[in-house]
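Participant:
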Amino acid sequence: MFIKGYPDELRQSIDRVKASRQARLDTEFPRLTPEEKTALLAAFHPDYRVESKRELRVGPNRGERVPQELADLLEGKSWIDPDRFRLDVADYETDVLVIGGGGAGCTASLLACEHGARVLLATKLRLGDSNTIMAEGGIAAATEPDDSPMLHYLDTVGGGRYENVPELVEALVLDAPLVVEWLENLGVVFDRRPDGSILTHAPGGHCRRRSHSCKDLTGLEIMRVLRDEVRNKDIEVMEFCAVVELLLDENGNCSGAVLYNFDNQEYLVVRAGAVILATGGMGRLHINKFPTSNHYGATADGLVVAYRAGAPLLYVDAVQYHPTGVAWPDQMLGYLITEALRAHGAQLVNARGERFINELETRDAVASAIIRECREGRGVRTPTGTEGVWLDTPLIDIIGGQGKMVHQFTGICKRFERYGIDVAVDPILVYPTQHYQNGGVKHDPQGKTSIPGLFVAGEVGGGVHGRNRLGANSLVDIFVFGRRAGAAAAIYAQSSRTGKLTLDHVRSFHRELLEAGITEPVTSPLLIPDYLSAEHKARLYA
């Protein structure tokens, strides 16, 4: 049954939120001490659930513990039989093959093209259909007079629980201002102050205002521009073509990939001088059975094919749960509510009308605090059995002036309007949603992996964020390393000489599965989220 607006049982809790509003406005909420934060994470963050992970039995990360859902795919068998699949004739040949059509993939394609390479971009869905278009909050860069790359570096490392790869963080923060300038020159319309300068705000974990936004539609605006640029440069794009395997030559160099065309259900062989994986993360695996803010294609495909080819992974046991995913209405369950709302004054409040965490703590701490409130009986239960806490969004107009909410967060206002909720008048019910893959394929500052000829960019790569990403660092990540990987791959491809294409690494991996006693592995990568019945999947992949 479709319920419009908030039902009466939730209205009683909303009244308590309104009644406590003035007192909360008059009171500062303290930040967590390092000891308090450590204890909070250990007690309530999903990463610390021992039963949710298991040791990998094969591959370069054998013996490390990763989420169960990911382990099944990393220990999977290939879609293709390496003894029967023909590689003698390539369907396509190119200098640089980019796999992924989001922000990282488009950026890498543009830079590879700029450096003189022939580029083929293959994407599982439509060009631009990715997590990038769903990014709301902004892109982090030290552009304000009171900010610096050094401060951005310190915030990023602190937010990553001090396990970031230093060289990657250095690349991120030094390139970030250049990326904002590059996007602006391409035509991205950032929010402005009356004097014409770019409006910035401070997401959780940042000590300065450094997030540059396009209302709450930042990623969508950026992809509008990048998608046009890719088309204008006449870069060849293959839509609905998912990667199922990387190809190595007899010398162990990455020299192409096997793609699966969803339209005609055929496999395609692509020979390339270099390959860039920009396939995104694993949000649609629903780790720990959490709802997700991720797009339909985020099924860890890049991790699987890179791992099977022998590339080690870094920190894939660390998953980010964004604190504020929608908990009501059910039709929006898991939908992301940007932390930019909290940066503009919205407060988190439990069922009693009490504030329980400083909203600008790092995401892992805020998510853990929300889970604690619900687990200890201070959450708000909906008629359908989900739980959450209130994000008091009307404070944005109270603090920033009438109309601030609808002006700055137009997309969120419009989405809730469809369900009879005015978020400038009533708060939003939220609960953590699986949002980001903190780790990924190990790489250097140019996106190079341990496999010659294989590069990565964006969420599929690991190391820059450590074990927890700060808000607004994902967009800058995909552009910084998309640019670097695109340029490096083009330069590599100019001097590379690909040998005979082989699937020897797949044969070797299949033998390793048998030796480990894995006799009935799943077929991976997953390609499509596992929401279909066995009958439907059999028909799809017949």
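Mind the numbering: the sequence shown is residues 45 to 586 in our numbering, read in order. Positions of the beta carbon are idealized from the N, C-alpha and C atoms, including for glycine.
What does the Cβ neighbour count give for R315, buried or exposed, with the cut at 16 atoms within 10 Å?
Facilitator: As a position in the sequence shown, residue 315 is number 271, starting the count at 1. By the 10 Å Cβ count, R315 comes out buried.
Participant: Report the three-state DSSP secondary structure of M45 (helix, strand or coil).
Facilitator: Indexing the sequence shown from 1 puts residue 45 at position 1. Below a pLDDT of 50, predicted positions are generally treated as unreliable, and M45, at 47, falls in that range; the measurement from the model is reported next regardless. Looking at M45 - three-state DSSP - the assignment turns out to be coil, as it is neither helix nor strand.
Participant: Which partner residues of S255 appear in the DSSP bridge assignment?
Facilitator: Taking the sequence shown and counting its residues from 1, the one referred to as residue 255 is at position 211. According to DSSP, S255 bridges with A184 and H245.
Participant: Between V288 and chain D, is any beta-carbon pair separated by less than 8 Å?
Facilitator: You won't find chain D in this structure, because it holds only one protein chain.
Participant: How is I456 classed by DSSP in three states: helix, strand or coil?
Facilitator: Against the sequence shown, residue 456 aligns to sequence position 412. Correct three-state label for I456: helix.
Participant: If you follow the beta strand (DSSP E) that T377 is in, where does it begin and where does it stop?
Facilitator: Along the sequence shown, one-based indexing puts residue 377 at 333. Note that residue 377 is Leu in the sequence shown, not Thr. Careful: L377 lies outside any beta strand (DSSP E) and carries neither H nor E.
Participant: Below 7 Å CB to CB, which residues in the same chain sit around I440 once its five sequence neighbours on both sides are set aside?
Facilitator: Along the sequence shown, one-based indexing puts residue 440 at 396. L385, H388, G389, A390, K448 and M449.
Participant: For P573 and K81, what's the separation of their Cα atoms in angstroms?
Facilitator: Here residue 573 refers to the residue found at position 529 when the sequence shown is read from its first residue. Here residue 81 refers to the residue found at position 37 when the sequence shown is read from its first residue. Distance between the alpha carbons of P573 and K81: 34 Å.
Participant: Measuring alpha carbon to alpha carbon, tell me which of L571, I465, Y575 and L547 ends up nearest R128.
Facilitator: Here the question's residue 128 lines up with position 84 in the sequence shown. The candidate whose alpha carbon is nearest that of R128 is L547.
Participant: Buried or exposed: where does M45 fall if 16 or more other Cβ atoms within 10 Å of its Cβ makes it buried?
Facilitator: If you number the sequence shown from 1, residue 45 lands on position 1. For M45, the predicted model reports a pLDDT of 47, less than 50, meaning its position is unreliable; a value from the coordinates is still stated below. Exposed, because fewer than 16 other Cβ atoms sit within 10 Å of the Cβ of M45.
Participant: Measure from the alpha carbon of I279 to the alpha carbon of each residue in F334, L171 and Y340, then state which is nearest.
Facilitator: In the sequence shown, counting from the first residue as 1, residue 279 sits at position 235. Closest by alpha carbon: L171.
Participant: May I ask you to report which of helix, strand or coil DSSP gives Y536?
Facilitator: Here residue 536 corresponds to residue number 492 of the sequence shown, with the count starting at 1. Y536: helix per DSSP, three-state reduction.
Participant: For the alpha helix (DSSP H) containing A9, list its first residue and its last residue.
Facilitator: Because the chain spans 45 through 586 in this model, residue 9 falls outside it and cannot be assessed.
Participant: Tell me where the beta strand (DSSP E) around E137 begins and ends.
Facilitator: In the sequence shown, counting from the first residue as 1, residue 137 sits at position 93. It spans Y136 to I143 - the beta strand (DSSP E) in which E137 sits, taken as one unbroken run.
Participant: In three-state DSSP terms, what is L571?
Facilitator: As a first step, residue 571 is located in the sequence shown; it is residue number 527 there, counting from the start. In this structure, L571 counts as coil in the three-state DSSP scheme.
Participant: Keeping to the same chain, check which residues put their C-beta closer than 7 Å to that of L545; ignore five residues upstream and five downstream.
Facilitator: As a first step, residue 545 must be located in the sequence shown, where it is residue number 501. Cβ neighbours of L545 beyond the five flanking positions: L131, L291, D293, S299, G300 and R315.
Participant: Answer with buried or exposed for G145, where buried requires no fewer than 16 other C-beta atoms within 10 angstroms of its C-beta.
Facilitator: To locate residue 145, count along the sequence shown from 1; it is residue 101. That one is buried.
Participant: At a cut of 8 Å, does the segment 259 to 273 reach the segment 146 to 163 through at least three beta carbon pairs?
Facilitator: These segments touch.
Participant: Comparing alpha-carbon positions, which option in R528, C418, R253 and P489 lies nearest W434?
Facilitator: As a first step, residue 434 must be located in the sequence shown, where it is residue number 390. For the residues R528, C418, R253 and P489, the minimum Cα distance to W434 belongs to C418.
Participant: What's the C-alpha gap between A322 and K259?
Facilitator: Here residue 322 is taken as the residue at index 278 of the sequence shown, counted from 1. Here residue 259 is taken as the residue at index 215 of the sequence shown, counted from 1. In a straight line, the C-alpha of A322 is about 26 Å away from that of K259.
Participant: Cβ atoms of S96 and N482: under 8 Å apart, would you say?
Facilitator: Translated into the one-based positions of the sequence shown, residue 482 becomes position 438. Translated into the one-based positions of the sequence shown, residue 96 becomes position 52. No.
Participant: Whose C-beta lies closer than 7 Å to the C-beta of T368 among residues of the same chain, with five residues either side of it excluded?
Facilitator: Here the question's residue 368 lines up with position 324 in the sequence shown. Closer than 7 Å at the Cβ level, and outside the excluded window around T368, lie I381, E383, L435 and V474.
Participant: Relative to the alpha-carbon of A532, which residue among G497, R551, L169 and G505 has its alpha-carbon at the smallest distance?
Facilitator: To locate residue 532, count along the sequence shown from 1; it is residue 488. For A532, the nearest C-alpha among the options comes from G497.
Participant: Excluding the 5 residues preceding and the 5 following K492 in the sequence, name in chain order all residues of the same chain whose CB lies nearer than 7 Å to its CB.
Facilitator: On the sequence shown, position 448 is the one that residue 492 refers to. So the list reads F499 and A532, once near-sequence residues are dropped.
Participant: From D173, V201 and G561, pick the residue whose C-alpha is nearest to that of M267; which is it?
Facilitator: On the sequence shown, position 223 is the one that residue 267 refers to. Closest option to M267, Cα to Cα, is D173.
Participant: Just tell me which of R399, A371, T477 and D470 has its CA closest to the CA of H89.
Facilitator: As a first step, residue 89 must be located in the sequence shown, where it is residue number 45. Minimum Cα distance to H89 is reached at T477.
Participant: Tell me the rounded alpha-carbon separation between R68 and G484.
Facilitator: Sequence index remark: in the sequence shown, residue 68 carries index 24 (1-based). Sequence index remark: in the sequence shown, residue 484 carries index 440 (1-based). Going by the C-alpha atoms only, they are around 40 Å apart.
Participant: With C-beta atoms as the reference, is G429 less than 8 Å away from G147?
Facilitator: The count along the sequence shown starts at 1 and reaches residue 429 at position 385. The count along the sequence shown starts at 1 and reaches residue 147 at position 103. For G429 and G147, no; Cβs fall outside 8 Å.
Participant: So which of Q446, H366 and E310 has the shortest CA-CA distance to A409?
Facilitator: For the purposes of this step, residue 409 is taken as residue 365 along the sequence shown, with counting starting at 1. Measuring from the Cα of A409, the nearest candidate turns out to be H366.
Participant: For the candidate residues C457, L519 and A355, whose alpha-carbon lies nearest to that of S494?
Facilitator: The residue you call residue 494 lines up with position 450 of the sequence shown. The residue with the shortest Cα to Cα distance from S494 is A355.
Participant: Nearest to D19 by CA position, among M376, G507, V504 and I443, is which residue?
Facilitator: Nothing can be reported for residue 19: it is not among the residues displayed for the chain, which extend from 45 to 586.
Participant: In the DSSP assignment, what residue or residues form a beta bridge with G484?
Facilitator: As a first step, residue 484 must be located in the sequence shown, where it is residue number 440. L358.
Participant: DSSP three-state label for K448, please.
Facilitator: On the sequence shown, residue 448 is found 404 positions in, with the first residue counted as 1. If DSSP states are grouped into helix, strand and coil, K448 belongs with the helices.
Participant: Is the segment 198 to 218 touching the segment 504 to 514, taking contact as three or more C-beta pairs under 8 Å?
Facilitator: Yes, the segment 198 to 218 touches the segment 504 to 514.
Participant: Quick one: is G561 buried, meaning 16 or more other Cβ sit within 10 Å of its Cβ, or exposed?
Facilitator: In the sequence shown, the residue the question calls residue 561 occupies position 517. So G561 ends up on the exposed side.
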